[in-house]
Amino acid sequence: MKLQGKTAIITGGAQGIGRAYCERFAAEGAAVAVVDLRDEQAKEVAETIAAAGGRAIALHTDITDEAATQEMANRVQQEFGSIDVLINNAALYYDQDILDQSVEYLRKTLEVNLIGQLVCARAVFPTMKAQGGGSIINIASTAAYPLPLPAMPSENFNSNAYGLSKSGLIYMTKMMARQAGSLGIRVNAIAPGVTMSEATKKIVPEFALTGLKESAPLGTTLEPEDLAGTAVYLASDDSRLMTGQTLVVDAGVWMNG
Ligand SMILES: NC(=O)c1ccc[n+]([C@@H]2O[C@H](COP(=O)([O-])OP(=O)(O)OC[C@H]3O[C@@H](n4cnc5c(N)ncnc54)[C@H](O)[C@@H]3O)[C@@H](O)[C@H]2O)c1
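If you're matching positions, the sequence shown starts at 542 in the numbering used here and goes up one per residue.
In structure tokens, the structure reads:
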């Protein structure tokens, strides 16, 4: 077990990719805080982990609410005695609406997908600093990298809110890594490609899947569980000299670096 003795806060842990992180982290020996707005589902994840012999609590927290995230971090510290890992996974993804180009929607997306990640990182910072270290894993997306599509005439500039938020998160990962490295706090990101969570099944039409799979050198899209090993690696001491990095996990579609 690679995460024995560690405590992980996993935001957006109630479903999809976040749930896969929660279950794998618990199986690797970590105590897990399942943080989400979906109370029933988060509770069910924590109960499933406990039934398998692991340790988990479900906490209702809006990641954009500073006071609530601080309260959440205090609660985790009291319950498990440390905060070693934060996976900033919660995002507006399920609710993503690429047709909504309003400034209000852009603000809302950046509030949850970018500012929310900063707010959560700030909430765990004092504990990680006092402990002498920790690992923060920001969940970005390959949507951060603009598609090389033919020029598309438009009535106006599109905000591409989701890609913008994830691109900002990659920048923020590097800045946080620089600022916190001397405290032993590492900050890295994972940029998943198309992953067949419930959210993706709702927003990506069936007919588009064959093309998406064929565009990947490894010939497939991902399942939520396919991302968990990379998160375990970034959380564990195996990656102790890695910080400020974004690992693309997408079956080879984007070959950055
Ligand atoms: N599924 C994909 O293809 C894919 C690809 C690249 C990146 N990602 C990223 O992976 C992460 C998980 O994706 P998913 O497919 O499991 O999405 P999802 O929509 O199923 O899960 C997101 C979770 O975040 C929670 N959440 C949303 N706003 C919140 C808030 N303000 N406070 C607390 N919790 C909140 C939701 O309740 C939900 O449980 C997201 O960051 C997403 O952007 C997903």
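Glycine included, every Cβ here is placed at the ideal spot set by N, Cα and C.
Per the coordinates, the alpha-carbon of N701 lies some 8 Å from the alpha-carbon of Q642.
Apart from sequence neighbours up to five positions away, the residues of its chain that approach N699 with a beta-carbon distance below 6 Å are Q642, ordered along the chain. Annotation for T751: the continuous alpha helix (DSSP H) segment containing it runs E747 to E755. Leaving aside the five residues that flank D625 on each side, the residues in its chain whose CB is nearer than 6 Å to its CB run, in chain order, K547, T548 and G675.
Here T602 carries a coil assignment [DSSP, helix/strand/coil]. Looking at the backbone, the Cα of R781 and that of E766 are separated by about 23 Å.
In the three-state reduction of the DSSP assignment, R727 falls in the strand class, which pools E and B. Contact check for A587 against A572 fails: the beta carbons are separated by 8 Å or more. Pairwise C-beta distances place the segment 665-675 out of contact with the segment 700-715, as fewer than three of them are shorter than 8 Å. Taking a 10 Å sphere around the C-beta of D577, we find 16 or more other C-beta atoms and assign the residue as buried. Shown here, S676 sits in a strand according to DSSP, grouped into three states.
Between the segment 680-695 and the segment 751-767, the count of C-beta pairs closer than 8 Å stays below three; the two stretches do not touch. Under the criterion of beta carbons closer than 8 Å, T605 and I558 do not qualify as touching, at roughly 19 Å. When the five nearest sequence neighbours on each side are left out, the beta carbons in the same chain lying within less than 8 Å of the beta carbon of V644 are those of S700, in order along the chain. In this structure, E612 has its CB at a distance of at least 7 Å from all heavy atoms of ligand 1. Residue state for I551 is assigned as strand, using DSSP reduced to three classes.
With a cutoff of 8 Å on beta-carbon distance, G793 and A769 are scored as not near each other.
D577 is bridged by DSSP to H601.
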